[in-house]
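Everything below concerns the one structure shown next.
Residue numbers (the UniProt record's numbering): 1 to 338.
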């Protein structure tokens, strides 16, 4: 928002002082009165600044600190709107990058022991409007602090009236604590879409995907776009790392896609045993036991002319995969990290 008038500049400086007062106050931000005309107006909760250890240092776009700066800017803008009675933005949109909107949680389904599928209602049977590989940002609150995380819906891009998000809950995770308190019928705040991937059919002869755990989510969107386009002859090779066979997410969908001529998947299981895999794996499954190390990457991801590699997993996984790929000879211009 551009404040050009002297009065507006004064108001902006006053608000900045109020925001500074919030920073220095022991009171919770949402309890502070901020409007002279309406004493029920309240500031939203201030975003929590990430720790230095939260950054993986591998050039994520957006980085956790970039996301924090976005959240801080958005928070200040919301405070200004409350104070000045400003007009709301994106009122008619299903999603809005600059504003959090509430979506009703309609179902919670366990997928594995620590991963759940959450379905959200889209009013009026509308579509979410995402493109392949794009993600949305979740805002939650824990101990009077605002926290945010990025997630990629796994429902079809053409789904109408709902969207699904696959979320793994961690024992000590702040957002996980917040999500565990969710109940069907709750309104959950999301904004977006975001994402820099611009997929164009047939630009690459082969796309290799390195995914770990819930990092399968953005891959599924790209896979669908390719396989549902009869004119797209791009080959897809998915290398999916999980702890055990039972931890493989969206297995039924992956099995269906394996029927396409241009899709293949290999599973790398770091904590499973051969005895267990023999008992539970399907006939056509290709399974490797152990960690996805440099040796395996060199075998599974050979340097390919007109090829691209997509990566999505934990911070350590992403960093390791990039290092392994560089040893094989891949250049960063041909590597995309979600």
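Where a beta carbon is used, it is the ideal one built from N, C-alpha and C, also for glycine.
Can you check which of these residues, 285, 46 and 52, is closest to residue 71 by C-alpha distance? Among 285, 46 and 52, the Cα nearest to that of residue 71 belongs to 46.
Can you tell me which of the three DSSP states residue 152 falls into? coil
C-beta atoms of residue 126 and residue 160 nearer than 8 Å: Judged by beta-carbon spacing, residue 160 lies within the 8 Å limit of residue 126, meaning their Cβ atoms are closer than that value.
In terms of alpha-carbon separation, which member of 52, 148, 241 and 205 lies closest to residue 234? Nearest option by C-alpha distance: 205.
Between residue 67 and residue 148, how many whole angstroms is the CB-CB distance? I'm expecting something under 8 Å. 6 Å
Cβ-based burial, residue 313 [other Cβ within 10 Å; buried from 16]: buried
Jot down the residue ranges of each uninterrupted beta strand (DSSP E) in the segment 260-301, minimum 3 residues, whole runs only, in chain order. 263-269 and 287-289
Any beta strand (DSSP E) of 3 or more consecutive residues that is wholly inside the UniProt domain "FAD-binding FR-type" (98-200): 101-110, 115-121, 135-142, 145-151, 162-168 and 187-194
For the 8 Å Cβ check, are there 3 or more pairs between the segment 251-262 and the segment 155-174? Taking one beta carbon from each stretch, the segment 251-262 and the segment 155-174 have fewer than 3 pairs nearer than 8 Å; the two do not touch.
Kindly identify the DSSP beta-bridge partner or partners of residue 241. 212 and 268
Relative to the alpha-carbon of residue 136, which residue among 109, 124, 100 and 156 has its alpha-carbon at the smallest distance? Checking every option, the nearest Cα to that of residue 136 belongs to 100.
What do you reckon, are the CB atoms on residue 215 and residue 175 nearer than 8 Å? no
Residue 236 and residue 194: beta carbons closer than 8 Å? no
Residue 338 by DSSP, collapsed to three states: which one? coil
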